[in-house]
Each structure stands twice: as structure tokens, then as C-alpha cells.
Amino acid sequence: MTDDFGYLNARVRVRRSSLLPEGFFQEALNLNFDDFVGALGETPYAEHLTGEDLGAVDRAVAARLRQVVGSLPELVGGETREAVVMLLSRADLANIKTILRAKEVGLSAEEIRANLVGGTLPEAVLQAMIEAPDAAGVVQALVLPGHPLSAALREAVAAGGEAEQIEVALDRAYFEGLRKLAGRIDDAFLQDYLAYEIDGVNLSTAFKLAQRGGVADADAYFVKGGRHVSEALFTRIAGGEVAAVDELAGTPLEPLAAARDLGELEHALRCLLLERAGRGAFDAEGAGLVTAFVRAMEWEAARLRLIARRAYYRLPVEAVEREVFCS
4 MTDDFGYLNA RVRVRRSSLL PEGFFQEALN LNFDDFVGAL GETPYAEHLT
54 GEDLGAVDRA VAARLRQVVG SLPELVGGET REAVVMLLSR ADLANIKTIL
104 RAKEVGLSAE EIRANLVGGT LPEAVLQAMI EAPDAAGVVQ ALVLPGHPLS
154 AALREAVAAG GEAEQIEVAL DRAYFEGLRK LAGRIDDAFL QDYLAYEIDG
204 VNLSTAFKLA QRGGVADADA YFVKGGRHVS EALFTRIAGG EVAAVDELAG
254 TPLEPLAAAR DLGELEHALR CLLLERAGRG AFDAEGAGLV TAFVRAMEWE
304 AARLRLIARR AYYRLPVEAV EREVFCS
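Using this note's numbering, you'd call the opening residue of the sequence shown number 4 and step up by one each time.
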């Protein structure tokens with residue numbers, strides 16, 4: 004099987020043409036649930052819709068994501084395949100964190116599923132993780148030889164760390180693995196994009212620690228490999244000096260400089276990372292185009308689920324509008 008991004012990108016371009024236009028989301032946000040399902044039935048998601056309830060929408064979104072993104076590793080071999088699997092595993096990282104947090108606050112299986120999207124984990128494994136009673140049970144469910152996060156999760160939980168420490172251990176395992184791979188294949192776009200991802204992870208962690216009142220050993224939560232968020236800046240923010248984020252003004256992370264709470268930061272960060280990933284659309288021979296497509300599809304899936312829930316539960320548009328758009 005070919006080990007070549009150029010070959011893969013030719014196929015990604017075809018799949019990319021089926022992304023939903025921005026106008027769909029602008030119109031769908033104001034529809035009632037029945038009309039939303041009807042509108043979704045006129046898109047490429049139609050073949051996956053097997054009902055007219057919220058569960059049917061979730062299943063259709065998950066099925067399409069598996070069809071157009073989850074199957075990408077099957078098209079190539081070698082280091083190209085490794086890189087694609089690692090890109091998809093970014094969603095595994097987010098999903099594992101979501102499940103672990105849910106165990107702490109007692110969310111239902113439905114509430115957990117509403118926040119999961121994409122990734123490489125088989126449905127049976129995800130279901131077992133969702134049904135697990137605690138973090139130790141999640142570890143037992145995630146028994147996948149070779150998965151980049153399985154061993155890291157097992158070791159972090161066994162060490163008895165708190166939630167943030169477990170998440171940092173997972174972040175370090177994931178990003179270190181992808182950084183090494185990006186360096187090995189000498190992909191400039193992937194290396195650059197990863198630096199932004201790591202900066203974002205560090206800022207999110209720092210804001211969370213600041214909300215808790217800070218910690219004495221903030222450096223233990225820092226993930227190396229970023230470009231614009233130094234360990235010193237991280238430590239200041241984590242210690243409660245949130246306004247220190249102002250120092251990002253004049254850097255490529257300037258859109259984050261105005262954030263003063265975690266919600267503001269995560270909204271601005273999501274939009275910034277989508278924009279940075281989108282620049283890969285012009286990378287015909289490297290990992291850029293695949294990165295742009297994977298992130299765009301994951302974003303599309305998340306938006307559809309948010310809009311579906313707004314309509315199903317008859318929430319005001321304002322309840323989700325900020326999470327559905329980046330403007």
C-alpha cells in the first residue's frame with residue numbers, strides 16, 4: 004500500500020467537496036427539530052439517517068464521520084498511515100478526557116455521548132468506557148494494544164493523580180508521539196500546527212488551574228513543544244495572573260489575548276485552531292490537507308450535534324449560537 008500524502012490528498016479533495024456549506028448552519032440554527040431532520044435528510048447524511056429522533060441524528064453524524072474520516076488510514080500505509088491515525092487520535096484524546104470528567108460529576112450516558120465525536124476507538128470500546136463506573140473502569144475498557152493513549156492512561160490512573168494530572172499525562176503522551184512522527188517524516192505544516200495545539204492545551208490547563216486557585220507545582224502541568232506560550236507565562240496564568248495572557252498580543256495567538264475566563268479562551272482557541280488547520284488546504288504534498296479536512300469534519304459533526312440539541316430541547320438560539328460559529 005502506498006506511503007504517500009500526495010496519493011491520499013487526491014482522495015481527500017473529493018471527500019472535502021461534500022463538506023456542508025456555511026449557509027446550511029446559518030439556516031439550520033433557526034429550524035425546529037422536525038425541519039432540521041428534514042434539512043439533514045437532503046445532505047450526504049441522508050444515507051445514514053434511520054429515524055427521526057435525536058438518537059438517529061447522533062448515529063447518522065457518527066456514521067458519516069466514520070465513513071469519510073475514519074476510513075482514511077485504510078487508503079495508505081507506512082508513516083503516512085501512522086500520521087493519519089495520530090491525527091484521528093486527537094479526538095480519542097478529547098473523548099477520553101470527556102468520559103473521565105463525566106465520571107467525576109455523574110453525567111448520564113446520553114450526556115456523555117452528546118460530547119463525543121470522531122476518533123479511532125471502536126464503538127464497543129467507547130460504550131464500555133461510557134458504562135465504566137470510574138476511572139479505573141475506563142482504563143480496563145481501553146485495552147487496545149498499540150493505541151498511543153492506552154498505556155499513558157493506565158499509568159496515570161495507577162499513580163493516583165487528580166483529574167488535571169491525568170489529562171496532562173495524556174496530553175504529553177499524545178503530543179510527544181505526534182511530534183516525533185512529524186519530525187521523522189519532516190512535515191513542516193504538521194510540526195507548525197502541533198505547536199499551536201500544544202500552546203492551546205497549555206493555556207487551557209493554566210486557566211483551569213487558575214480557577215482552582217493555583218497550584219504550587221504548576222510546572223508539573225506544562226506540556227513542552229509549544230511556540231508562543233512559555234513555561235514562565237504558563238506558571239503566571241496558572242497562579243492566578245490571568246491578565247498575563249495579554250502578552251500574547253502581537254503574536255499569532257493574539258486572538259486569545261482578550262480571554263479572561265475558560266469559556267472565552269476555549270471559544271477563541273477553537274476558532275484559531277480551525278483557522279490554522281484550514282491553512283493546510285493548500286498543502287498538496289504533505290499532511291496539511293488531511294489535517295484541514297479531519298478538523299473540518301470534526302467541527303461539522305460537533306456543530307450538527309449542537310444544533311440538533313438546541314432544536315430538540317427547544318432552547319433559545321442564543322444558547323448555542325456562540326458555539327456554532329466563529330465570527
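Ideal Cβ positions, reconstructed from N, Cα and C, are used throughout, including at glycine.
Bear in mind that the values here come from a model prediction, so they are computed numbers and not experimental data.
Grouping DSSP H, G and I as helix and E and B as strand, with all else coil, what is His51?
What you label residue 51 is simply residue 48 of the sequence shown in a count that begins at 1. Note: His51 maps to helix in three-state DSSP.
Ala185 versus Ala252: straight-line alpha-carbon distance, rounded:
Residue numbering aside, residue 185 sits at position 182 when the sequence shown is read from its first letter. Residue numbering aside, residue 252 sits at position 249 when the sequence shown is read from its first letter. Each residue's Cα considered, the two are about 28 Å apart.
Quick check on the burial criterion: 16 or more other C-beta atoms within 10 angstroms. Buried or exposed for Asn12?
Counted from its first residue, the sequence shown places residue 12 at position 9. Looking at its Cβ environment, which holds 16 or more other Cβ atoms inside 10 Å, Asn12 is buried.
In or out: Gly58 buried (at least 16 other Cβ within 10 Å) or exposed?
For this step, residue 58 is matched to residue 55 along the sequence shown. Exposed, because fewer than 16 other Cβ atoms sit within 10 Å of the Cβ of Gly58.
Whether or not the segment 75-85 and the segment 142-151 are in contact is what I'm after, with contact meaning three or more pairs of Cβ atoms, one per stretch, closer than 8 Å; do they touch?
no
Cys274, enclosing alpha helix (DSSP H) - first and last residue
The residue labelled residue 274 in the question sits at position 271 within the sequence shown. It spans Leu265 to Gly281 - the alpha helix (DSSP H) in which Cys274 sits, taken as one unbroken run.
Cβ-based burial, Val120 [other Cβ within 10 Å; buried from 16]
Within the sequence shown, numbered from 1, the residue matching residue 120 stands at position 117. That one is buried.
Beta-carbon spacing of Val293, Leu90 below 8 Å:
Taking the sequence shown and counting its residues from 1, one reaches residue 293 at position 290. Taking the sequence shown and counting its residues from 1, one reaches residue 90 at position 87. Their beta carbons are under 8 Å apart, which means Val293 touches Leu90 by this criterion.
From what residue to what residue does the alpha helix (DSSP H) around Glu30 run?
For the purposes of this step, residue 30 is identified with residue 27 of the sequence shown, where counting begins at 1. Counting along the chain, the alpha helix (DSSP H) containing Glu30 begins and ends at Glu25 to Ala31.
Keeping to the same chain, check which residues put their C-beta closer than 7 Å to that of His150; ignore five residues upstream and five downstream.
As a working mapping, residue 150 is identified with position 147 in the sequence shown. Excluding residues within five positions, none has a Cβ falling inside 7 Å.
Is the distance from the Cβ of Thr238 to the Cβ of Asp249 below 8 Å?
Counting from 1 along the sequence shown, the entry for residue 238 is found at position 235. Counting from 1 along the sequence shown, the entry for residue 249 is found at position 246. For Thr238 and Asp249, no; Cβs fall outside 8 Å.
Asp220 by DSSP, collapsed to three states: which one?
Translated into positions along the sequence shown, residue 220 becomes position 217. Asp220 falls in the coil class under three-state DSSP.
Burial state of Leu268, where buried means 16 or more other Cβ atoms lie within 10 Å:
For the purposes of this step, residue 268 is taken as the residue at position 265 of the sequence shown. Looking at its Cβ environment, which holds 16 or more other Cβ atoms inside 10 Å, Leu268 is buried.
If I follow the unbroken alpha helix (DSSP H) through Lys106, where does it start and stop?
Numbered from its first residue, the sequence shown carries residue 106 at position 103. Counting along the chain, the alpha helix (DSSP H) containing Lys106 begins and ends at Gly81 to Val108.
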